[in-house]
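In full-length UniProt numbering, the protein residues as written are 1 to 210.
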């Protein structure tokens, strides 16, 4: 965005305004701008929209397959699972299901299974999509920082959180499991809408009023 003529003009305008304010006034203004912009970013992320107004690309649908029952020898113990399914990849390949003897959901790595005793392949399949909104944590003040200095208003992420946000912001490739990588669709967490720019201009002008 920094190459956009609009933002060059905005930078020049802000520099002109800053020259008219004392350091304490500038810090007060940049703090107000940073906190206000963060709130607007949070509201937009909550609405699941890019700065352009387009909705975020929806999550991919997951296909869950389950089998009827399976019995196998694991560490010299006979284990029986119902409603089981395979998960993971490579060395993390596993079988997850309801352990009949233990009365709870259990996961067993396939590499630890000595041999299979019975396998029932009456398979069922269902498609599911997570319904909760995306980026619930990334939009919170704990992760989305906002602060002002005498020369800048800053809104953004830092450290490992910034790496995660960048993957979604630019649609990058990331590791989702050992040996498995995927490209995420671009979903912009940070950016200016036309309404943001109008608000920013009004805030700056109001700060110059006697």
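Beta carbons are placed, not taken as given, at the ideal position from N, Cα and C, and that holds for glycine.
- Per DSSP, residue 22 lies in no alpha helix (DSSP H) and is assigned neither H nor E.
- About 5 Å separates the beta carbons of residue 173 and residue 183, which is inside the 8 Å limit, making them a contact pair.
- Each of 79, 147, 30, 143 was checked against the Cα of residue 164, and the nearest Cα belongs to 143.
- Our two residues, residue 149 and residue 94, have alpha carbons roughly 51 Å apart in a direct line.
- Excluding the 5 residues flanking it on each side, residue 117 has same chain C-beta neighbours closer than 8 Å at 71, 72, 73, 78, in chain order.
- For residue 161, the uninterrupted alpha helix (DSSP H) segment begins and ends at 159 to 170.
- Each residue's CA atom was taken as its position, placing residue 82 and residue 114 some 19 Å apart.
- Look at the beta carbons and you see the stretch 17 to 29 touching the stretch 203 to 210: at least three pairs across the two are nearer than 8 Å.
- Contact check for residue 139 and residue 50: beta-carbon distance about 14 Å, past the 8 Å limit, so the pair fails to qualify.
- About 53 Å separates the beta carbon of residue 199 from that of residue 97, a gap too long to meet the 8 Å contact definition.
- Unbroken beta strand (DSSP E) runs of no fewer than 3 residues, entirely contained in the stretch 108 to 148, are found at 113 to 120, 124 to 128, 145 to 148, following chain order.
- According to the DSSP assignment, residue 99 belongs to the beta strand (DSSP E) that extends over 94 to 99.
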